[in-house]
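Have a look at the structure below before the remarks.
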Amino acid sequence: MNDAITVTDLVVERGSATVLNGLTCHMPAGRITGLLGPSGAGKTTLIRAVVGVQVVRSGTVTVLGRPAGARELRARVGYLTQAPSIYADLTVLENAHYFGSIAGADAAAARAAVDQVGLSSSRDQLVGTLSGGQRSRASLACAVVGDPEVLVLDEPTVGQDPVLREELWASFRERASRGTTVLVSSHVMDEANRCDRLLLIRDGGLLADDTPDEVKRRAGTDDLDRAFLALIRNSAESDGPPGTAVPAGARRRHARSHSKGISS
Amino acid sequence: MNTRILGATIARILHQLRHDPRTIGMLIVVPVVLMGLIYAMFDGSGPVLDHVLLIMLGLFPFVIMFLITSIAMLRERTSGTLERLMSTRAGKADLLFGYGAAFGLAAAVQAVVAATCGYLLYGMTTAGGAGLVVLVVVLTALLGVGLGLLCSAFARTEFQAVQLLPIVVIPQVLLCGLFVPRGDMAGWLQAISDVLPLSYAVQALQEVGANAEPTGTFWVDLAVVAGCVILGLGLAAATLRRRTP
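Line by line, the protein sequences are chains C and H. 54 is the number of the first residue of the first sequence in the numbering used here; add one for each residue after it. 2 is the number of the first residue of the second sequence in the numbering used here; add one for each residue after it.
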């Protein structure tokens with residue numbers, strides 16, 4: 054399988070903290086890769102490195118055979134930031150139109166993008182007057198406009214109701230079936246099941262890089278939530294100094310604090 | 002620079018302005034009202050009034066544009082739209098010159114309205130043509146745009162951006178020749194005044210006020226101001242980074 058994105062030994066420092074510590078992973082072309090991990094694990098930093106807006110310490114990120122952030126990639130990669138990054142004093146359509154023109158798309162493409170995120174009826178509304186969920190969908194419209202070959206989405210479904218989430222995932226799936234590479238970060242486990250591949254990161258390192266089924270099989274459970282907790286627990290135990298047996302109660306507490314990290 | 006992206010950016014900024022009637026009011030109405038205040042202060046006549054009105058015609062747009070653009074650019078940084086733009090084909094120059102052109106257009110409307118009111122309502126007279134007055138006023142407003150965009154790089158919040166006004170703008174207003182003619186200032190003050198771009202904008206206005214035909218000094222002043230606008234926009238573009246820590 055062709056890889057659209059390859060990350061090799063990536064080290065990123067923000068301030069005095071090492072956010073990504075020699076991360077190596079890859080994301081296949083034309084597939085949906087889910088990026089999961091507790092908050093603070095380095096998901097957004099990895100995403101920023103993939104779109105080329107993150108200063109990296111060392112290592113390489115290659116997107117469609119080019120170094121991430123290369124000039125010729127800029128029209129081929131669509132980027133959704135975690136917080137909606139659109140103009141509050143423009144309408145939904147005006148936003149889509151502006152980011153569309155930058156990507157080389159026409160007015161019809163801007164309308165189509167707005168329709169796709171389910172905002173047809175609020176098309177001419179100022180973004181500043183939208184609800185939080187609508188605003189993040191408006192921001193999503195500005196990332197998908199012009200049909201980029203690679204879509205990098207930082208938590209695109211946060212704050213959306215189940216019906217809309219279903220529709221958004223259907224639209225990601227449809228794009229992938231047309232050959233688009235989709236990288237989605239999320240902390241909702243039922244969304245992980247919809248991905249072709251999963252990258253689980255924790256503390257800036259890779260915990261798992263596999264299909265959802267394989268992750269579940271390895272953990273011996275049908276539930277991805279539990280599977281991730283098991284993986285996190287295993288890695289936490291293998292990190293500890295040898296011979297320090299963790300009491301069962303403490304271990305459970307440990308797991309619980311991580312599960313909080315994932316769902317928050 | 003990409004003309005299509007530059008054009009889209011200009012259109013986008015003008016759309017933003019259109020959705021913000023208060024800012025339009027601030028741009029167009031406030032200078033006229035403030036000039037009216039000065040007119041009333043000087044009892045509506047006298048040679049000093051002409052002198053002050055003419056300089057104010059340049060000063061108000063300079064200050065207002067500085068404020069508006071420094072905040073607008075800061076909002077691009079804090080709202081994440083700048084980060085998003087830096088991941089797209091949009092160039093730094095597309096963005097900065099987009100701001101320059103869009104606000105330049107707004108400044109032109111502002112200058113025409115303010116100058117018209119100055120001449121018709123407040124009885125302002127100039128030896129030189131009104132067209133030249135408008136030209137200088139637009140360039141002075143653009144000077145505010147360039148400085149505002151540049152200064153926004155040195156502020157992290159809107160709170161800090163507003164604080165730049167007394168540091169960057171007020172010294173230029175004090176030393177531009179409005180209160181004391183530049184020639185009457187102490188040598189060191191004159192030297193400072195000489196490196197502040199607003200001094201040249203005010204001098205250009207005074208040249209149009211005093212001479213029927215544009216003088217050599219006028220053209221030099223105009224060139225200095227235009228050069229500073231380009232320099233400001235260029236330096237502002239240099240402060241933008243595609244990659245951030």
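For glycine and all other residues, C-beta sits at the position ideal for the given N, C-alpha and C. All values derive from a computational prediction rather than experimental measurement.
- The segment 103-111 of chain H makes no contact with the segment 181-200 of chain H; the number of CB pairs closer than 8 Å stays below 3.
- Taking C-beta atoms as the reference points, C/LEU133 and C/ALA196 count as a pair closer than 7 Å.
- Residue pairing by DSSP puts C/GLU66 in a beta bridge opposite C/THR71.
- Within a 10 Å sphere around the beta-carbon of H/ILE171 sit fewer than 16 other beta-carbons, which makes this residue exposed.
- Taking all protein chains shown into account, H/LEU122 has fewer than 16 neighbouring C-beta atoms within 10 Å of its C-beta and is therefore exposed.
- Close partners of C/ALA136 in chain H (Cβ separation under 7 Å): GLY81.
- Inter-residue distance for H/PRO215 and H/ALA227 is about 16 Å (C-alpha atoms, whole angstroms).
- In the structure shown, C/GLN107 falls within a strand segment according to DSSP collapsed to helix, strand and coil.
- Taking a cut-off of 8 Å on C-beta distances, the segment 103-119 of chain C does not touch the segment 157-165 of chain C, as fewer than three cross pairs fall below it.
- For the set H/GLY47, H/MET57, H/CYS152, H/ARG19, the Cα lying nearest the Cα of H/LEU179 is the one of H/MET57.
- Of the candidates C/THR97, C/ASP262, C/LYS269, C/LEU221, C/LEU221 places its Cα closest to the Cα of C/ALA194.
- Against chain C, a Cβ distance below 7 Å from H/GLU84 picks out VAL106, THR134, SER138.
- Going by beta carbons, H/VAL146 and H/ALA112 fall outside the 7 Å limit.
- Under the three-pair Cβ rule at 8 Å, the segment 113-124 of chain C does not count as touching the segment 274-283 of chain C.
- Among the CB atoms of chain C, one or more fall inside 7 Å of the CB of H/PRO246.
- Considering only beta carbons, the part of the segment 80-114 of chain H lying closer than 8 Å to chain C consists of SER80, GLY81, THR82, GLU84, ARG85, LEU86, MET87, SER88, THR89, ARG90, ALA91, in chain order.
- As the crow flies, the alpha-carbon of C/ALA123 is around 22 Å from that of C/TYR151.
- Its Cα nearest to that of C/ARG255, the residue C/LYS96 stands out among C/LYS96, C/GLY171, C/PRO215.
- Look at the segment 2-21 of chain H: the residues with a C-beta under 7 Å from a C-beta of chain C are ARG5, ILE6, ALA9, ARG13, HIS16, GLN17, HIS20, ASP21.
- Residue pairing by DSSP puts C/CYS78 in a beta bridge opposite C/VAL60.
- The closest CA to that of C/HIS240, considering only C/ARG190, C/PRO209, C/SER69, is found on C/PRO209.
- The three-state secondary structure of H/VAL137, taken from DSSP, is helix.
- Ranking H/GLY47, H/LEU15, H/GLY210 by CA distance to the CA of H/GLY129 puts H/GLY210 first.
- Residue pairing by DSSP places C/ASP263 opposite C/LEU251 in a beta bridge.
- At least one CB of chain H lies nearer than 7 Å to the CB of C/ARG127.
- Think of a sphere of 8 Å around the beta carbon of H/ARG243: the chain C residues whose beta carbon falls inside it are GLY105, VAL106, GLY122, in chain order.
- Put simply, the CB of C/LEU143 is near chain H, with a gap under 7 Å to one of its CB atoms.
- The beta carbons of C/GLY199 and C/ALA141 sit about 22 Å from each other, so the pair does not count as a contact at 8 Å.
- Judged by DSSP in its simplified three-state form, H/ASP95 adopts helix.
- A Cβ-Cβ contact shorter than 7 Å links C/LEU260 with C/LEU284.
- In terms of beta-carbon proximity, C/SER154 lines the interface with chain H, with at least one pair separated by less than 7 Å.
- Counting the other Cβ atoms within 10 Å of the Cβ of H/MET2 gives fewer than 16, which makes it exposed.
- One finds HIS20 in chain H with Cβ atoms closer than 8 Å to the Cβ of C/LEU179, taken in chain order.
- Per DSSP, the unbroken alpha helix (DSSP H) holding H/GLY8 starts and ends at 4-19.
- Within chain H, the residues whose beta carbon sits less than 9 Å from that of C/ARG67 are PRO246, listed in sequence order.
- When 8 Å is used as the limit between beta carbons, C/VAL130 is near these residues of chain H: SER88, in chain order.
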